[in-house]
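Participant: Got a structure for you, questions after.
Number of protein chains: 2
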Amino acid sequence: MMRQIACQPLTPAEFAPFGDVLQVGMGTARVINQGMAERFHDLARLDFGPGGRAGLSIFAAKPRSLPLQLDMVERHPDGSQAFIAMDDAPFLIVVAPDQGGIPGTPRAFISNGAQGVNFLRGTWHGVLTPLHPPGHFAVIDRIGDSPNLQEHWFTEPWLITA
Amino acid sequence: MMRQIACQPLTPAEFAPFGDVLQVGMGTARVINQGMAERFHDLARLDFGPGGRAGLSIFAAKPRSLPLQLDMVERHPDGSQAFIAMDDAPFLIVVAPDQGGIPGTPRAFISNGAQGVNFLRGTWHGVLTPLHPPGHFAVIDRIGDSPNLQEHWFTEPWLITA
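Order-wise, the sequence lines are chains W and A. Quick note: the first sequence uses my numbering, first residue 360, plus one each step. Quick note: the second sequence uses my numbering, first residue 360, plus one each step.
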């Protein structure tokens, strides 16, 4: 019997140790554009490390479905990584606390379709996992010369359940 | 009779003098995540100027409809500004070339629903104009202490037509 992890809804409070939830209503609201818009200001703890700079990329990922076998997680030691869903659809977010250089027990979250996330620098996380096509995301992360990637493959996989 | 500007489809080539179109297929593609995703790498000419840093905010803007009267454009002298549509819906992008410190004749573009834009630092542009609710956008722009805003109000407005 594979070890199981049940998904929970993505909320800023539960996700805070791992990063930021990017959604309307967070942070400080400023009315702009002659009252036609609100700006929820500076919501992500962006960090591009020494020798890095901010970059904006787009990821196109194949949709997956639950239950899903989790074989590995990865982390970026030199910078944060933010994902903005361009599709208005929920996606799966897996994170794990660090325990002496390896990931502890993972946690799984499902976004509500109107949320993005920013992983703090060095946070163990699963690869990008849309649950619906086309699976397009804007990504704000570090551009730099370092490898900036560590993978951890579990000796025994986890099963992520809805 | 008000001066009119007809919208055209947003394409990277037409938009290049004003900024970057953020869409799948641009830039250099890298296969990542064991073949499960493609990364279209570093698509935006981000520029946060002296004394600034990158920030990630969310804008919620009231939807408008065409034809639309354009009374003003603005620009940010100290940094670029990128808009990622979180709604999978087209929005209106108005830009204008600079002519000696004031905007020349504006141009109007409509995105295809799967596109974002990055305005180059100092580019005259209209305020954020979704055409459909809810009008939510992730915005990557400069966080800093300078005002970083210049507005130009047209003595004679323009009419943006579909």
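Ideal Cβ positions, reconstructed from N, Cα and C, are used throughout, including at glycine.
Starting from the beta carbon of R398 (chain W), find every residue of chain A whose beta carbon is closer than 9 Å, and list them in chain order.
Facilitator: In chain order: S416, I417, F418, A419 and V498.
Participant: If the cut is a Cβ gap below 8 Å, which residues of chain A does N477 (chain W) touch?
Facilitator: Residues of chain A passing the Cβ test: L415.
Participant: State yes or no: is the C-beta of A403 (chain A) within less than 8 Å of the C-beta of A441 (chain A)?
Facilitator: In contact: A403 (chain A) and A441 (chain A) (Cβ atoms closer than 8 Å).
Participant: Would you kindly work out how many angstroms separate the C-alpha atoms of N471 (chain W) and D430 (chain W), rounded to a whole number?
Facilitator: Cα to Cα, N471 (chain W) sits roughly 25 Å from D430 (chain W).
Participant: Would Q382 (chain W) and I417 (chain A) qualify as a contact pair, given that the criterion is a beta-carbon distance under 8 Å?
Facilitator: In this structure, I417 (chain A) lies closer than 8 Å to Q382 (chain W) by Cβ.
Participant: Would you report the Cα separation of Q474 (chain W) and A413 (chain W), rounded to the nearest angstrom?
Facilitator: Their backbone Cα atoms lie some 21 Å apart in a straight line.
Participant: Distance, Cα to Cα, V498 (chain A) vs I443 (chain A)?
Facilitator: Taking the straight line from one Cα to the other gives about 6 Å.
Participant: Let me confirm a value: V390 (chain W) is counted as buried when at least 16 other C-beta atoms fall within 10 Å, else exposed. Which label applies?
Facilitator: By the 10 Å Cβ count, V390 (chain W) comes out exposed.
Participant: Taking only three categories from DSSP, how would you classify G378 (chain A)?
Facilitator: Here G378 (chain A) sits in strand by DSSP.
Participant: Taking the alpha-carbon of H345 (chain W) as reference, which of W:P368, W:Q509, W:R434 and W:P422 has the nearest alpha-carbon?
Facilitator: With chain W covering 360 to 521 only, the question about residue 345 (chain W) has no answer from this structure.
Participant: Thinking T488 (chain A) and C366 (chain A) are a contact (beta carbons under 8 Å), I'd like their distance in whole angstroms, please.
Facilitator: Incorrect: roughly 11 Å between the Cβ atoms, too far for contact.
Participant: Use the C-beta contact count for M445 (chain W): other C-beta atoms within 10 angstroms, 16 or more gives buried, fewer gives exposed.
Facilitator: So M445 (chain W) counts as buried.
Participant: Quick one: complete beta strand (DSSP E) runs, 3+ long, within the region 399-423 of chain A?
Facilitator: For the region 399-423 of chain A, whole beta strand (DSSP E) runs of length 3 or above, ordered along the chain, are 412-420.
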